[in-house]
Structure formats: structure tokens, C-alpha cells
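For the protein sequence lines, the chains are A and B, in the order given. So for the first sequence, this note's numbering puts the first residue at 1; every next one is plus one. So for the second sequence, this note's numbering puts the first residue at 1001; every next one is plus one.
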Amino acid sequence: MADRYWVGGTGTWSSTNTANWSASSGGATGASVPTASDNVFFDVNSNVGTGAFTCTMANTPRVCNDFTASGLDGTMTLAGSGIGLTVSGSLTFPATNFTRTYTGTTTFNATTTGKTVTTNGVAFGAGVTFNGVGGWTLGSALTVPTGSTTTTLTNGTLNLASYTLSTGLFNSSNSNTRTIAFGTGQISCTGTGTVWTTATITGLTTTGTQVVNVTSAGSTAITVSTGALSEANSISYNFTGGTYALTFLDVTNYSARSVNFTGYAGTLAELSDPAAAPVIIYGDLTLSAGMTLTASTTGNGLSFRKTSGTSNITTNGKTIPFILTFNGVGGTFQLQDALTTSGATSDINLNNGTLNLNGKTLTPGSTFITGTGTKNLTFNGGTLICPLAVSSAFNNFQPTGFTTTAGTGTGTISMTAATAKGFVGGGSTFNCTLNQGGAGALTITGSNTFSNITNTYKTTGATSILFTAATTSTFTDWNASGESTRLLTIGSVTAASHTLSKASGTVSADFLSISRSTATGGAGWYAGANSTDGGNNSGWIFTAPPAPSGSNSNFLMFF
Amino acid sequence: MTMKIDFSFSSQYGTFSDALHLPDDHAFTDAEIETMKQQRFDNWIAVITAPPVEETPIEEV
């Protein structure tokens, strides 16, 4: 390894010219042309006096170990049309007195770690490739042209430290051992076509606060190909503008950490491919009001998989036309506004983790289903609306490991279909109100426990709540009644009795039509004076409850 | 930065609770904000009153 100093001002850095190379700063010319093992220096003695000078590279690529330009007292231009520069060590451009006009690819191919790339605000004119088993740390922001110019990480570790790498496209899709160490830095892609690809993730590790900003504008289509990165390696993507068609998370198990579409107003292509597994988000999701979501036709939708902390979901009024699954062991998924799915394949599945409605309304366009795993539904005053007219509109399909938490306020599950619908409780405890919210008969399956049961449809019409025969439904409160001319029918699905249980206090209902119902548990079950005994009942008292004791004995007499 | 405006509508189907996320320096009038709230509610009503026919549920693997 030798040091080579540029001398003599303007000249050509070719494979043969020795007229501008010296073994020392300002020393005699004639030193050999630098090899990939030699460090090259451009310094205060590289020019004649303080004059400007141009080093024109020829015979691509020019090579060196370290490339250092510093202390210049005249403006240096590093030129070379279509000539690349391959740096086997570190690179430093000065903040002043330096212009880059060469237009070839800059390649970093170090085989050891500890290299630095400091451009001090000087942008490259063409693509940049990192391809060695070494490591490079940015000493300043790195800028590669926008549009179709690519920054490629083929091999080694690229450490952004705290700086921004701006590029048209970014490609690290291969099977070599490589790391993108984001530190607190970010990568911004401003191009068209495939602006980001880590499609092949074999050998890829990411660290730091992994954030990619897709800052493209306009309407030309864009693809972001994330690959199926693990939660630890997953990357957050911000789509900040544009009306372009976006292909993103389009392959089974492709993943992202947080995804934020604020500012994006284009159309997101259908998520997932036609396989049995979904695409994955390990963090937050923020949709934009101006974007368009494409309905799912064959895929399995989107799965939230965060396994610790809270994943915030903000829809900004967008209805989601595909399946959503919450499946992060130990994670919490929290609504920041109402979440509604719609379409024939728009189930909401809760398999693992806590789904916190956070006081908002969750509306599955299809069914709400629990899957295998440890899962919790927390209300905090929120409402789960089940509008589908099927026997399993709410389907606690895998009740093992399913819990509910009321949190602050009163939570509600409201069954709203206008025709018959079912609540499959699975024998679980529901720390919320179950509401009959539609004309269709509500069938409750299983021996479940509820905080309360109501009938808000009574203001509109008559309806029914039917229990499966031979089940016992336990209530802390019962507030399901009908109204005059709009009776609420309480009965069994089949010609056998069900049991309703409330441990204490008084049930004060009215305008019920009750049959095959055993009311028990210790509470006084008053059906009300306007209710009808349809037969085969036990425990119901078909009067209004007695007035509270003392209510007609404490009065004032005035004389 | 954004501000969050929580709001709710009561209906025969239950309570619809939602939030508007707007820039701190937004220029929407109170009337426009109320219109946005109503639009959200109307969209929701449209969804729940016209649910699709059910297809066979798919459990994630």
C-alpha cells in the first residue's frame, strides 16, 4: 500500500499517466498510477498556486484504496464522462472547493470494516454500489440522483449512522451476507418503477430505526418489494405523496414494520397473492383519506403481527376491502379511529394479542372470528358492530385463550343485521353489553357470561333474542326490553328450554314475549306488566317490579 | 403535527365512534368538520346496512 498525491493541477487520471502523481504532497511527479491498494490524496499542493484544476478520470474504472480530497485552496473538479470510481477504502469529499462532474458508477468494495463515506453535500452523478464483505459508515448524508439511478447494497454492511441516504432506487435483493444499519438515519427513494427491493432477503439484516421514505410524486407506477423480513428486520415505509399506482405487500408473507400513507393519493394494488398466508405489518398502519384500496379477490389480506408494545391503526375514514387478522403474540393493536372492512372477504380475525377498540367502532364487513391463540378484546368504551346476516356473524370459533376486558366505559357488541344472525359465544365471558341492534332474530349460542344485554332496535320495531336450548347465559345486568307494539321475543331456538341467570338484584323489563325460558340465579326476574307469557317459562314474574322499599312512605305533609 | 377530534353518533345499530386526524394548522371551518363527521357516519351506515353475503372464512396459517 502506498500513498499517491495529485500534483500539477489539471491533468488526466488514466491507467498510464504518471505526470500528476507524486509519492508526497507537492513532491516530484512520476509516481506510479494508484492501484486499488493505494491511497490517493488531493490537497493544498495539488494545484498550481491557488488556481482551479480538473482531474479528469479515464479508463474506467479508476481505482484506489482511500480517496481523500481535503484542504484544497483552489476549486477542484473531479471529471470523467461515464468513468466509474472504485474505492476499496474510505472516501472523503471536501465541503468546499470541490465539484464532482464524473458520471460513472461509484463502487465501494472494501473487504474490511471501519470504512467511511463522507461526501459533505457533494452528490454523486450516477449509481452507487456497495459490494464487499466490509463495512461503510456514512460521515454525512449521501445523495444519489433521483429517477432511475440505483443505490445497490450487494454485500457488506452499510451504516447510515444518523444520516439520510437519498436515491432514486434502492436494491439489496440477493443472497449475500449484508446489513443495512439505519442507526437513526433514513433512506429516501424518489424514483419510478421498483424504487425499493429487498425481495430476496436471504442474508439480509437490518438494525436501528429502519425507515424508508418513498418520496416519489406524480402518477408513474411504483413498486416497493419488501421481501418477507422478520419482525426484527422489518422496515417502516412512509409514502408521502403522489397519485401513482402502488404495488406493495403483494406477495405472501411480504412484510413491513409501520406503514404510513399520509399524503399519498394513488391506488394501492390488491394486497397479498392467492395463497393461504397474508402479508404482514409489524407496526402501525396509517391510511390516507385520499388513497384508494383495491378489494381482495383471492388473497388472505393483511395480518398485524406486532409482538410487543402497541400497534396503532388509523384509517382516516377509509373502508378496508380485505381480510384483517390480528395475530401478534403479546402485542396490542389499538384503533385510533373507526375501523371498517367491507366486501365478501373482509373478515376480521383475532388470533393472538390484544385488540383494543380504544373507544372506537370496529365493523367487520364479513364475520368477526377468533382463531387459535391467546387473544383479548378490550373495549374501553368501544363498540364491535357485527352487521352480517349469518349464523356466525360473531364467531368465537376458538374460545380457548379468549378473554375480554371492559376497560374504561362500557363496551358493546352490537348485532345489527336486518335478518337472522348469530352470536357464537363459545362459552366465554364477555365483559361488555351484547346488543340486539337489528330486526333479524339474534341467536346466541353457548353458555356465555355477559355484563349486560340490551335491545336498541326497540325504537324501530319488534325483534327476537333466541338462546340455544340447554344453555345457561349469565348476566350481571339485563336491560333488554321491547316497547309498546314492538315486543322483544325471548325464546329458545328449539322446542326446549334455556336458562338465564343473574346472581342478585332485580331485572326490570317490559314488553317481552317470553317462552321456554328459565330465569334463575338469585335475582328477581320481572318481565313487566306488559309482557306476555308464551309458556314453558320458569322464574319469570310477569309484573312490574315492586317499588323500591320506602318509596311511598317517605313524604312531606304540609298543614 | 396533527390533532385528533373524537366523535360519536348513536344509531339503532349501536354507537359509531370515530376520530378525525387533521393538521394542527388546518383551515377547515366548524361546519366543514361537522360535514366530515357526518360523511364518516353515512359511509359506515352504508356498509353495515348492506353487508355482503358470507363466504367460507379463511383461518390464517
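Ideal Cβ positions, reconstructed from N, Cα and C, are used throughout, including at glycine.
Report buried or exposed for A:ALA19, applying the criterion of at least 16 other Cβ atoms within 10 angstroms of its Cβ. exposed
To test your reading of the DSSP string, which unbroken beta strand (DSSP E) runs of 3 or more residues are found completely within the segment 28-75 of chain A? 39-42, 53-57, 62-64 and 67-69
Using a C-beta to C-beta distance shorter than 8 Å, which residues of chain B count as neighbours of A:ASP284? From the beta-carbon of A:ASP284, no residue of chain B is found nearer than 8 Å; the closest lies around 12 Å away.
Should B:ASP1042 be flagged as near chain A, meaning a C-beta pair shorter than 8 Å? no
Evaluate contact between the segment 328-341 of chain A and the segment 294-309 of chain A, counting only Cβ atoms and requiring at least three cross-stretch pairs below 8 Å. yes
I need the straight-line Cα distance from A:ASN376 to A:LYS115, nearest angstrom please. 49 Å
A:ILE490 to A:GLU483, Cα distance in whole Å? Going from the Cα of A:ILE490 to the Cα of A:GLU483 covers about 14 Å.
Own chain residues within Cβ distance below 6 Å of A:GLY227, not counting five before or after: THR198, ALA199 and ILE201
Unbroken beta strand (DSSP E) runs of length 3 or more, entirely within the segment 396-429 of chain A: which are they? Taken in chain order, the complete beta strand (DSSP E) segments of 3 residues or longer contained in the segment 396-429 of chain A are 402-405, 412-415 and 421-424.
What are the partner residues of A:ILE453, as DSSP defines its beta bridges? A:LEU434
Which stretch, first to last residue, makes up the alpha helix (DSSP H) that contains A:ILE280? Segment 279-281 is the beta strand (DSSP E) holding A:ILE280; no alpha helix (DSSP H) there.
Could you give the distance in angstroms between the alpha-carbon of A:GLY26 and the alpha-carbon of A:LEU138? One Cα belongs to A:GLY26, the other to A:LEU138, and the distance between them is close to 29 Å.
Just the chain A side, please: which residues come within less than 7 Å of B:GLN1012 by C-beta, in chain order? GLY437, THR456, TYR457, THR459 and THR460
Chain-ordered residues of the segment 1021-1038 of chain B with a beta carbon less than 9 Å from chain A: From the segment 1021-1038 of chain B, only HIS1021 and MET1036 have a Cβ closer than 9 Å to chain A.
Residues of the segment 298-330 of chain A with Cβ closer than 8 Å to any Cβ of chain E, in chain order: Reference to chain E is not applicable here, since the protein chains of this structure are A and B.
Residue environment, A:THR543, which counts as buried when at least 16 other CB atoms sit within 10 Å: It is exposed - the Cβ of A:THR543 has fewer than 16 other Cβ atoms within 10 Å.
What do you get for A:LEU556, buried or exposed, if any count of 16 or more other CB atoms within 10 angstroms of its CB means buried? Confidence in A:LEU556 is poor, its pLDDT being 46 and thus under 50, which makes the residue's placement unreliable; the coordinate value appears in the next sentence. Result: exposed.
Could you tell me which chain B residues have their CB closer than 8 Å to the CB of A:ALA338, listed as they occur along the chain? PHE1016, SER1017, ASP1018, ALA1019, ARG1040 and TRP1044
Does any C-beta atom of chain B lie closer than 8 Å to the C-beta of A:ILE385? yes
So, is A:MET57 buried or exposed, given that buried needs 16 or more other C-beta atoms within 10 angstroms? That one is buried.
Just to confirm my understanding: we take A:GLY571, look at its own chain, exclude 5 residues before and 5 after, and list those with CB closer than 6 Å. What are they? What the structure shows of chain A is the stretch from 1 to 559, and residue 571 of chain A is not part of that stretch, so it cannot be assessed.
Closest by CA to A:GLY241, which one among A:TYR254, A:CYS189, A:THR445 and A:PHE450? A:CYS189
Less than 7 Å between the CB of A:GLY528 and some heavy atom of the ligand MN, yes or no? Annotation note on the ligand MN: not contained in the displayed structure, which lists no ligands.
On the criterion of 16 or more Cβ atoms from any shown chain inside 10 Å, does A:GLY426 qualify as buried, or is it exposed? buried
Starting from the beta carbon of A:GLY359, find every residue of chain B whose beta carbon is closer than 8 Å, and list them in chain order. ASP1006 and SER1017
Rounded distance between the beta-carbons of A:ASN159 and A:ALA141, thought under 8 Å: Contact between A:ALA141 and A:ASN159 does not hold, since the beta-carbon distance rounds to 13 Å and is not under 8 Å.
Taking all protein chains shown into account, do 16 or more other C-beta atoms lie within 10 angstroms of the C-beta of A:LYS318, making it buried, or fewer, making it exposed? buried
Mind the definition here: the segment 391-404 of chain A touches the segment 1013-1033 of chain B only if three or more C-beta pairs lie below 8 Å; say whether that holds. Taking a contact to require three or more Cβ pairs closer than 8 Å, the segment 391-404 of chain A and the segment 1013-1033 of chain B do not qualify as touching.
I want to see whether chain B comes within less than 8 Å of A:THR412, judged by CB atoms only; does it? yes
Does the Cβ of A:PHE559 have 16 or more other Cβ atoms within 10 Å, making it buried, or fewer, making it exposed? Below a pLDDT of 50, predicted positions are generally treated as unreliable, and A:PHE559, at 48, falls in that range; no measurement from the model is reported.
Own chain partners of A:LEU249 with C-beta closer than 6 Å, once the 5 adjacent residues on each side are dropped: LEU271 and VAL279
Hey, out of A:GLY74, A:ASP38 and A:ARG178, whose CA is closest to A:CYS55's CA? The shortest C-alpha separation from A:CYS55 is found at A:GLY74.
Completely contained alpha helix (DSSP H) runs for the segment 343-382 of chain A, where each covers 4 or more residues: With a minimum length of 4 residues, no continuous alpha helix (DSSP H) run stays inside the segment 343-382 of chain A.
Quick check on A:PRO548: buried or exposed, where buried means 16 or more other Cβ atoms within 10 Å of its Cβ? By the neighbour-count criterion, in which a residue is buried when 16 or more other Cβ atoms sit within 10 angstroms of its Cβ, A:PRO548 is exposed.
Check whether A:VAL224 and A:TYR237 have beta carbons under 8 Å apart: yes
How is the alpha helix (DSSP H) around B:ASP1030 delimited, first residue to last? 1030-1048
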